[in-house]
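The listed protein sequences derive, respectively, from chains C and A.
For the first sequence, the working numbering assigns the number 17 to the initial residue and increments by one for each residue that follows.
For the second sequence, the working numbering assigns the number 336 to the initial residue and increments by one for each residue that follows.
Don't be surprised by glycine CBs; every beta carbon is placed ideally from N, CA and C.
Report on the following structure.
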Amino acid sequence: MSIVLLIVAAAVPFMVMPFYVRVGQLILLSAALGLAWTLLGGFAGYWSFGHAAFIGLGAFSAGLFETELMKGQPLLGFGLGLIVGGVVCALAAAVVAWPILRLRGIYFAVAMLGVSQVLAELTNNVDVFKGSMGLVLPRIAAFGLRPEALFYDVLLIATVVVGCIAFAIKNGRIGAGLMAIREDEDTARMLGVPTERYKIMMFILSAALTGALGVIYAHSLGYITTSSVYRTEFSLNMIVYNLLGGMGTLVGPFLGSAVMVILTQVVLGRLLSIHMFITGALLVLLVLAAPKGIIGLFKGGLFGGRAKG
Amino acid sequence: MSTPILRLEHVTKRFRGLVATNDVSFAVPEGSICSLIGPNGAGKSTIFNLVTGYLAPSEGHIFFGKTRIDGTPTTQLARAGIARCFQIAKPFADLSVRENVRIGALFGRDGARDIAAVTDDALALTGLSDLAGRPAGDMTVGYLRRLELARAIAARPVLLLADEPCAGLNATETEDIVTILRLVRDRGVSVLLVEHDMQAVMRVSDQIFVLDAGALIAAGPPEAIAGDPRVIAAYLGTEAVE
């Protein structure tokens, strides 16, 4: 059943107009990013306000690796680039994890915002990183696919992979431990949950997956600068998809990203001058009406099940 | 005599100038219920925080069985078999009663276990089986205390620290908690209790340790403590004794 669904989803780009393929790409990318974010943010309650740091870091580390070391082998370069982007982000997360995961709540969120700004500035101002003049990524073409169809399918695979990882974590022992951390970290410690280890593991995993997604995103753009990958908007959207869909759930990021992308790109795409205004207003309404996200609406009804402080 | 399950040796904890516990030594025999009593500010909570690794003593040592544990991280102590119920019940409000208890079973003391069986057993022991599906956030104080106990029991402790499990409960609810504590003890779990409800303390304790202003002023079985002039003085003032 789910395999049939996947094959149909994979075949979508060959049946619809290129514009809708891009909308599909964006929904998949957003859902996957939302899922990667929620490993720490939704499951453990540590909201990062700076996950764009890992999109940018992944994109630039893989981009530099591919352009400097993998000349003439675009496809292999891309494959290895995914690993490079993921590993560099994992290492960066491991370095900052110890100091910043001691911060709780809003302090952690703001610290991540800071990390993101610092990395963006470094990429922009240190010439080796080519952040200000930009980086042209090797064009990858495979199986004779059109680029948008190719990236759609790559993102589809990536989303499935991230989804499976998130599912395994949420339903495992570690998922229960993360939930305990989210609900009350002191009690979690008292019950023997290895809180420090779990938080660091999730932070690193979340960063690595976000980094790998950043690599795919960079390739789908073809040319990147600091401002095209280190986008604060990304950091915020990852939270919004989860809030909108249902924080801490697996379906939430899918619902949230689908609603947001369709709303901003399709429904309001023709009202460019006011579409952000309308989007903002709708978001406020949705969050007020469904504090536990769209998924919460099905469980608790309108204005019901308000999240506890 | 066998090694006590918990032993404090000359434990002093200072917060800058303030001495919260002053040269406190006592031992909890294995398989007993011991109570720590004393007026507010006597240092009872500090001792709990020291034993559970939230604080490290300024001086002195704490032994869990034969192992020295002062300064050991909380998580590690939980995995060694020390569980604690909080004074202000801290349930995971968004989760069901069963899920709350299950987290205790999933983590807690190291070793093989059947998660579902441990969970069901802790729910049954605390009389929460019928409420297992309810969200923990919707429960009354009396039931929250039981949940707090159930979660700690599911962690399969060797030593259970219960911080005022009867505070704010009526007589019937207090009776239920006392029964649960006895059942826990009968399974071989040692219990250290902090409690203000003296009736409950007198009935349930094998040993009582009395703290006043950070120092241990008396220790012994309930009968001895009840008549001890120093204890009466600490609670009611010296005039009451004279």
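Any idea what DSSP makes of residue i, helix, strand or coil?
i                      : result
residue 365 of chain A : coil
residue 101 of chain C : helix
residue 423 of chain A : coil
residue 235 of chain C : helix
residue 279 of chain C : helix
residue 132 of chain C : helix
residue 30 of chain C  : helix
residue 542 of chain A : strand
residue 359 of chain A : strand
residue 88 of chain C  : coil
residue 459 of chain A : helix
residue 320 of chain C : Here residue 320 of chain C scores only 48 on pLDDT, less than 50, and its place in the model is too uncertain to base an answer on.
residue 412 of chain A : helix
residue 44 of chain C  : helix
residue 325 of chain C : Note that residue 325 of chain C scores 35 on pLDDT, short of 50, meaning its location in the model is unreliable; the coordinates nonetheless yield the value given after this. Three-state DSSP puts residue 325 of chain C in coil, outside helix and strand.
residue 452 of chain A : helix
residue 197 of chain C : helix
residue 289 of chain C : coil
residue 338 of chain A : coil
residue 446 of chain A : coil
residue 63 of chain C  : coil
residue 533 of chain A : helix
residue 501 of chain A : coil
residue 563 of chain A : coil
residue 375 of chain A : coil
residue 315 of chain C : helix
residue 328 of chain C : This structure gives no information on residue 328 of chain C, because the portion of chain C shown stretches from 17 to 325.
residue 209 of chain C : coil
residue 557 of chain A : helix
residue 162 of chain C : coil
Flag this pair as yes or no: are the beta carbons of residue i and residue j separated by less than 8 Å?
i                      : j                      : result
residue 461 of chain A : residue 479 of chain A : no
residue 368 of chain A : residue 385 of chain A : no
residue 240 of chain C : residue 135 of chain C : no
residue 174 of chain C : residue 229 of chain C : yes
residue 15 of chain C  : residue 224 of chain C : For residue 15 of chain C there is no data in the structure shown, the boundaries of chain C being 17 and 325.
residue 433 of chain A : residue 489 of chain A : no
residue 214 of chain C : residue 124 of chain C : no
residue 519 of chain A : residue 529 of chain A : no
residue 76 of chain C  : residue 147 of chain C : yes
residue 236 of chain C : residue 52 of chain C  : no
residue 275 of chain C : residue 42 of chain C  : no
residue 549 of chain A : residue 377 of chain A : yes
residue 469 of chain A : residue 444 of chain A : no
residue 271 of chain C : residue 171 of chain C : no
What residues match up with residue i in a beta bridge as DSSP calls it?
i                      : result
residue 525 of chain A : A/494
residue 431 of chain A : A/470
residue 349 of chain A : A/354
residue 418 of chain A : A/495
residue 396 of chain A : A/344
residue 402 of chain A : A/399
residue 370 of chain A : A/528, A/543
residue 151 of chain C : C/240
residue 551 of chain A : A/546
Hey, out of the options, whose CA is closest to residue i's CA?
i                      : options                    : result
residue 402 of chain A : A/522, A/390, A/416, A/564 : A/416
residue 186 of chain C : C/47, C/265, C/97          : C/265
residue 426 of chain A : C/199, C/147, C/143        : C/199
residue 423 of chain A : C/203, C/220, C/250        : C/203
residue 494 of chain A : A/379, A/472, A/524, A/474 : A/524
residue 343 of chain A : A/519, A/350, A/476, A/381 : A/381
residue 117 of chain C : C/42, C/212, C/286, C/312  : C/212
residue 234 of chain C : C/79, C/55, C/113          : C/79
residue 72 of chain C  : C/96, C/131, C/119, C/218  : C/131
residue 23 of chain C  : C/127, C/64, C/168         : C/168
residue 400 of chain A : A/375, A/362, A/372, A/377 : A/362
residue 547 of chain A : A/338, A/345, A/359, A/349 : A/359
residue 254 of chain C : C/242, C/269, C/243        : C/269
residue 539 of chain A : A/564, A/510, A/522        : A/510
I think residue i touches residue j, with their Cβ atoms under 8 Å apart; what is that distance to the nearest whole Å?
i                      : j                      : result
residue 282 of chain C : residue 39 of chain C  : 6 Å
residue 554 of chain A : residue 566 of chain A : Not a contact, Cβ separation roughly 10 Å.
residue 153 of chain C : residue 82 of chain C  : 6 Å
residue 189 of chain C : residue 90 of chain C  : With 8 Å as the limit, residue 189 of chain C and residue 90 of chain C do not qualify as a contact, their Cβ atoms being about 41 Å apart.
residue 109 of chain C : residue 220 of chain C : 5 Å
residue 309 of chain C : residue 252 of chain C : The Cβ separation is near 16 Å, so there is no contact.
residue 420 of chain A : residue 497 of chain A : 5 Å
residue 217 of chain C : residue 430 of chain A : At roughly 22 Å, the Cβ-Cβ gap does not stay under 8 Å, so residue 217 of chain C and residue 430 of chain A are not in contact.
residue 556 of chain A : residue 542 of chain A : 6 Å
Residues from the segment 169–195 of chain C in contact with chain E, defined by Cβ distance under 9 Å
Absent from the structure is chain E; the protein chains it does hold are C and A.
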